[in-house]
Amino acid sequence: MRKKDLKKDIKKNIYNMDQKNSFKKKKSAFNKFFKNSKKKNKHNLNKKNIQSKNFSLKKNVYPKDSISNIKKKNVKNFKTILNKNNKLKKNSIKKKKYYKNSIRFKKNIKYLRKNINKNFLKQAFHKPKNVINKKITIFDQITVLELSNKMGIKSSVLIQKMFHAGINLSINQSLKLDLAQLISEEMGFQVKLIHKNFLEESIMKDRNFNLSQKKNLRPPIVTVMGHVDHGKTSLLDCIRKTSTVLKEKGGITQSIGAYHVKINNKRITFLDTPGHAAFTSMRARGAQITDIVVLIVAADDGVMPQTIEAIQHAQFAKVPIIVAINKIDKNNINIEKINNELMKYNILSEELGGENIFVKISVKLNKGIKNLLNSILLQSEMLELSTYSKGMATGIVIESFLEKGRGIVSTIIVKEGELKKGDIVLCGLEYGKIKSIKNEHQKDLLKVGPSIPVEILGLSGLPFAGDILTVVRSEKKAKEVALYRKEKYKQKFFSKQKKINLENLFDNINKKNISELNIILKSNSKGSLEAISSAIKKLSHKEVNINIISANVGRINETDAYLANTSNSIIIGFNVRADISAKKIIKKENLDLRYYSVIYNLINEIKSSIYGMLSPKYKQEVLGLAEVRSIFKSPKFGFIAGCMVIEGIIKRNHPIRILRDHLVIYEGELESIRRFKEDVKKVRHGTECGIGIKNYNDIKVNDIIEVYKIKKIKRL
Ligand code: GTP
Ligand code: MG
Numbered sequence: 006m007r008k009k010d011l012k013k014d015i016k017k018n019i020y021n022m023d024q025k026n027s028f029k030k031k032k033s034a035f036n037k038f039f040k041n042s043k044k045k046n047k048h049n050l051n052k053k054n055i056q057s058k059n060f061s062l063k064k065n066v067y068p069k070d071s072i073s074n075i076k077k078k079n080v081k082n083f084k085t086i087l088n089k090n091n092k093l094k095k096n097s098i099k100k101k102k103y104y105k106n107s108i109r110f111k112k113n114i115k116y117l118r119k120n121i122n123k124n125f126l127k128q129a130f131h132k133p134k135n136v137i138n139k140k141i142t143i144f145d146q147i148t149v150l151e152l153s154n155k156m157g158i159k160s161s162v163l164i165q166k167m168f169h170a171g172i173n174l175s176i177n178q179s180l181k182l183d184l185a186q187l188i189s190e191e192m193g194f195q196v197k198l199i200h201k202n203f204l205e206e207s208i209m210k211d212r213n214f215n216l217s218q219k220k221n222l223r224p225p226i227v228t229v230m231g232h233v234d235h236g237k238t239s240l241l242d243c244i245r246k247t248s249t250v251l252k253e254k255g256g257i258t259q260s261i262g263a264y265h266v267k268i269n270n271k272r273i274t275f276l277d278t279p280g281h282a283a284f285t286s287m288r289a290r291g292a293q294i295t296d297i298v299v300l301i302v303a304a305d306d307g308v309m310p311q312t313i314e315a316i317q318h319a320q321f322a323k324v325p326i327i328v329a330i331n332k333i334d335k336n337n338i339n340i341e342k343i344n345n346e347l348m349k350y351n352i353l354s355e356e357l358g359g360e361n362i363f364v365k366i367s368v369k370l371n372k373g374i375k376n377l378l379n380s381i382l383l384q385s386e387m388l389e390l391s392t393y394s395k396g397m398a399t400g401i402v403i404e405s406f407l408e409k410g411r412g413i414v415s416t417i418i419v420k421e422g423e424l425k426k427g428d429i430v431l432c433g434l435e436y437g438k439i440k441s442i443k444n445e446h447q448k449d450l451l452k453v454g455p456s457i458p459v460e461i462l463g464l465s466g467l468p469f470a471g472d473i474l475t476v477v478r479s480e481k482k483a484k485e486v487a488l489y490r491k492e493k494y495k496q497k498f499f500s501k502q503k504k505i506n507l508e509n510l511f512d513n514i515n516k517k518n519i520s521e522l523n524i525i526l527k528s529n530s531k532g533s534l535e536a537i538s539s540a541i542k543k544l545s546h547k548e549v550n551i552n553i554i555s556a557n558v559g560r561i562n563e564t565d566a567y568l569a570n571t572s573n574s575i576i577i578g579f580n581v582r583a584d585i586s587a588k589k590i591i592k593k594e595n596l597d598l599r600y601y602s603v604i605y606n607l608i609n610e611i612k613s614s615i616y617g618m619l620s621p622k623y624k625q626e627v628l629g630l631a632e633v634r635s636i637f638k639s640p641k642f643g644f645i646a647g648c649m650v651i652e653g654i655i656k657r658n659h660p661i662r663i664l665r666d667h668l669v670i671y672e673g674e675l676e677s678i679r680r681f682k683e684d685v686k687k688v689r690h691g692t693e694c695g696i697g698i699k700n701y702n703d704i705k706v707n708d709i710i711e712v713y714k715i716k717k718i719k720r721l
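Just so you know, the sequence shown maps onto residues 6 to 721 in this note's numbering.
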């Protein structure tokens with residue numbers, strides 16, 4: 006009907022125009038037409054109840070079809086009119102007056118076309134007059150991005166607002182609670198602040214745990230550590246009389262296994278750790294959750310890198326070490342040598358006046374195993390390990406993994422209380438209801454007490470090894486706390502917590518963030534190592550305790566880097582350098598590595614960093630490294646090293662060091678750099694060159710020439 010009416014109207018108007026050929030009349034005809042069409046459209050929309058005065062954009066949105074259809078139809082009608090009009094224009098082109106008017110007429114049509122769109126939109130949308138008062142909740146610190154998301158505004162808008170308020174922060178930087186509140190309220194938001202630990206405190210208070218109950222003895226948690234293939238898994242197999250070794254891929258352990266055995270009516274929980282170099286973090290974790298470490302040393306192999314690493318982890322965690330010298334059935338063994346090697350790391354047998362129990366065993370011949378077990382029981386008795394065995398449990402996660410058909414499986418050890426099937430737990434960033442408890446033989450249990458390793462099902466996600474599991478009352482609250490922890494974890498992840506370094510040391514001491522400075526020291530000689538160690542130890546004062554976690558001769562390797570990361574230490578290289586794999590870890594974990602060649606500088610720098618006087622200071626910056634590939638003698642320059650630049654740029658007029666197997670053997674200056682018989686000032690990475698060293702002829706193939714500069718740096 007509407008379509009027909011419109012067509013009729015158009016025809017009638019055009020007929021009139023043809024007849025009278027007068028612009029005024031044409032204009033009024035068009036006006037009339039638009040009025041009609043508008044009225045009709047309005048009427049149609051009203052009919053559909055689309056248009057309402059209290060239009061809210063979210064609830065009642067115009068059906069896009071109706072608007073666009075109406076627009077299209079109107080435009081179509083106009084076009085036909087325009088075409089007709091053009092014909093008329095041609096007919097009466099001679100008449101000047103008409104021509105002028107036709108321009109005006111076109112303008113009018115444009116105006117009308119614009120207005121038609123405007124009118125529709127004007128009637129369609131009423132902007133809300135009052136700002137909607139939103140409520141937002143902020144926990145602890147919040148990043149700019151997170152705050153803008155919570156407010157539902159663009160982060161750029163928030164950054165701009167803050168900038169005007171004199172706060173210059175980027176998108177991933179975090180705001181303090183009061184600042185976030187101030188800005189949010191300034192922007193018309195109602196802020197609910199949830200203070201640190203508020204949720205956690207409330208949920209932890211609401212636990213049924215009777216501290217007045219009597220403590221009971223608990224089984225010791227014993228971690229077996231040592232170098233790869235020294236017989237850790239074989240020993241546990243022998244104790245458990247199973248054969249795990251045969252089932253392991255490539256015969257090496259790649260995860261922490263937890264087992265529990267009963268000997269002379271006494272229980273012991275064993276944790277098997279991997280010995281391969283790649284599993285440092287697992288070994289560190291093993292040492293942290295244990296009561297006793299059994300250090301396995303193969304009699305034929307002796308003290309190896311991961312043996313040393315295991316000692317360092319155990320000493321860092323302050324856990325007693327029982328040494329088990331394994332494979333004594335082998336021929337070429339030297340136990341004396343092992344004892345001497347271990348002595349270097351303060352592991353001394355009781356017979357020699359030390360504190361460690363030494364046991365000789367052969368897993369293969371099942372020899373000495375009973376003696377070892379008795380020693381473990383004796384050591385645990387000395388430790389007087391006891392805990393509360395009733396009440397809501399707390400435990401620690403050893404491992405977690407996804408298993409087909411079972412879902413998220415977590416191996417845990419209960420530390421205190423009793424864990425029951427159906428308990429609601431909070432575990433690190435996860436929560437859940439315990440669906441099943443199984444022991445290592447896959448037997449279902451209804452409850453489990455302290456020190457017994459079990460597999461549990463029912464957590465919302467994979468927890469991290471080392472996470473604490475706590476039984477709580479309310480699942481809803483546990484979920485809230487888990488969410489809060491996740492949010493906090495994300496913030497921590499984004500803000501990339503700064504590792505300890507000498508520059509931020511003083512600030513951290515002042516803020517009471519640290520009271521200890523851990524150092525891993527590597528040196529090129531035993532003499533300098535001892536001198537530096539004793540000088541550094543003397544620097545400890547009442548606010549900062551300086552611990553030398555490890556002090557060894559030789560290059561800085563992967564193990565040092567991993568140890569520095571887990572113990573939050575700085576690494577000091579005295580006339581030694583880090584190898585490639587160590588460098589990678591140091592870079593990735595943002596560790597503080599410092600090289601020194603003068604003891605005086607080393608001691609002074611640590612001293613001034615402790616007392617906050619590190620500024621201004623100088624730092625050595627390595628410009629480039631060149632590897633010596635060949636040596637030849639030139640009559641003019643003497644010995645020339647044919648080199649390849651393997652890192653950075655080699656520049657003239659800078660001091661150099663010569664490194665042989667990552668140890669500094671010479672310090673001096675460059676005499677000449679040549680490329681294709683031409684003297685050059687610098688050579689870049691990946692290029693070959695000939696290097697002459699001033700007053701030094703003892704250069705050898707595979708030596709590294711390190712060019713460095715002394716840089717003045719400001720304190721952070
Ligand atoms: P990773 O888990 O990879 O660190 O090794 P591991 O320390 O667990 O060593 P594993 O138990 O896998 O044993 C390594 C090899 O040493 C196996 O082939 C064992 O059979 C052998 N072995 C273990 N104990 C003895 C022993 O007392 N005598 C001899 N001759 N061989 C042994
Ligand atoms: Mg093993």
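Note that the Cβ used here is the ideal one computed from N, Cα and C, for glycine as well.
query                                                                                                                                                      : result
What does a CB cutoff of less than 6 Å around alanine 283 pick up in its chain, not counting 5 residues either side in sequence?                           : Because the pLDDT of alanine 283 is 48, which lies under 50, any placement of that residue in the model is unreliable, and the number read from its coordinates should be weighed accordingly. Same-chain partners within the cutoff: there are none.
Name the one or two DSSP bridge partners that valine 486 has.                                                                                              : Answer is none; valine 486 lacks a bridge partner.
State buried or exposed for leucine 62, treating a residue as buried only when at least 16 other CB atoms are found within 10 Å of its CB.                 : Confidence is the limiting factor: at leucine 62 the pLDDT is only 37, short of 50, which leaves the residue's position unreliable, though a coordinate-based value still follows. Label assigned to leucine 62: exposed.
So, with DSSP's three-state summary, where would you put serine 239?                                                                                       : helix
Quick one: residues in its chain with C-beta nearer than 7 Å to the C-beta of glycine 437, no 5 flanking neighbours on either side, listed in chain order? : Val430, Gly463, Leu464, Ser465
In the DSSP assignment, what residue or residues form a beta bridge with alanine 470?                                                                      : BP columns for alanine 470 are empty, so no partner.
Let me know if histidine 235 comes out buried or exposed under the rule of 16 or more other beta-carbons within 10 Å of its beta-carbon.                   : buried
Is it right to say isoleucine 352 is buried, meaning 16 or more other beta carbons lie within 10 angstroms of its own, or is it exposed?                   : buried
Quick one: Cα of glutamate 386 to Cα of glycine 422, how far?                                                                                              : 21 Å
Would you say serine 441 and aspartate 449 are within 8 Å of each other, going by their C-beta atoms?                                                      : yes
Give the straight-line distance between the Cα atoms of valine 162 and isoleucine 575, rounded to the nearest whole angstrom.                              : 41 Å
Thinking just about the alpha-carbon of each residue, which of Val149, Phe681, Ile577 is nearest to the one in isoleucine 591?                             : Ile577
From isoleucine 593 to asparagine 570, what does the alpha carbon distance come to, in whole angstroms?                                                    : The question names isoleucine, but residue 593 in the sequence shown is lysine. The alpha-carbon atoms of lysine 593 and asparagine 570 are separated by roughly 10 Å.
Does the beta carbon of threonine 238 fall short of 7 Å from some heavy atom of ligand 2?                                                                  : yes
Since proline 3 is in the alpha helix (DSSP H), which residue starts that stretch and which ends it?                                                       : Only positions 6 to 721 of the chain appear in the structure, and residue 3 is not among them; the question remains open.
Relative to the C-alpha of isoleucine 651, which residue among Ile663, Asp666, Pro660, Val633 is closest?                                                  : Val633
Expressed to the nearest angstrom, what Euclidean distance is found between the alpha-carbon atoms of asparagine 444 and isoleucine 403?                   : 14 Å
Alpha carbon to alpha carbon, what distance is there between isoleucine 473 and isoleucine 615?                                                            : 34 Å
Using the Cα positions of isoleucine 382 and isoleucine 715, report the straight-line distance between them to the nearest angstrom.                       : Here residue 382 is leucine; the residue named in the question, isoleucine, does not match the sequence. Rounded to the nearest angstrom, the two C-alpha atoms are 57 Å apart.
Can you round the beta-carbon distance between isoleucine 326 and leucine 300 to whole angstroms, since I take them to be within the 8 Å contact cut?      : 5 Å
Would you report the Cα separation of glutamine 186 and lysine 166, rounded to the nearest angstrom?                                                       : 13 Å
Report back the beta-carbon spacing between aspartate 211 and arginine 478 to the nearest angstrom; my notes put them in contact at under 8 Å.             : 5 Å
Please state if the CB of valine 419 and the CB of glycine 396 are separated by a distance shorter than 8 Å.                                               : no
Considering only heavy atoms of ligand 2, does any lie closer than 7 Å to the CB of aspartate 5?                                                           : Within the shown structure, residues of the chain are numbered from 6 to 721, placing residue 5 beyond reach of any answer.
From this set, Asn331, Ile537, Ile294, Leu607, which residue's C-alpha is nearest glycine 471's C-alpha?                                                   : Ile294
At which residues does the beta strand (DSSP E) containing valine 162 begin and terminate?                                                                 : No beta strand (DSSP E) holds valine 162; the alpha helix (DSSP H) holding it covers 160 to 169.
Please report how far the alpha carbon of asparagine 215 lies from the alpha carbon of threonine 392, in whole angstroms.                                  : 12 Å
Could you check the C-alpha separation between serine 538 and alanine 556 for me, to the nearest Å?                                                        : 8 Å
Would tyrosine 713 be called buried (16 or more neighbouring beta carbons within 10 Å of its own) or exposed?                                              : buried
Rounding to the nearest angstrom, what Cα-Cα distance links arginine 560 and serine 530 in this structure?                                                 : 11 Å
Do you know offhand how far alanine 540's Cα is from isoleucine 366's?                                                                                     : 41 Å
Given this structure, state the Cα-to-Cα distance separating cysteine 722 from asparagine 580, to the nearest angstrom.                                    : Coverage of the chain is limited to positions 6 through 721, which leaves residue 722 absent and any answer about it impossible.
Among Ile343, Thr228, Lys369, Gln317, which residue has its Cα nearest to the Cα of leucine 363?                                                           : The question names leucine, but residue 363 in the sequence shown is phenylalanine. Closest option to phenylalanine 363, Cα to Cα, is Ile343.
Tell me where the beta strand (DSSP E) around valine 227 begins and ends.                                                                                  : 226 to 231
What span of residues does the beta strand (DSSP E) with aspartate 277 cover, start to end?                                                                : 271 to 277
If you draw a straight line from the C-alpha of glycine 157 to the C-alpha of leucine 434, how long is it?                                                 : 26 Å
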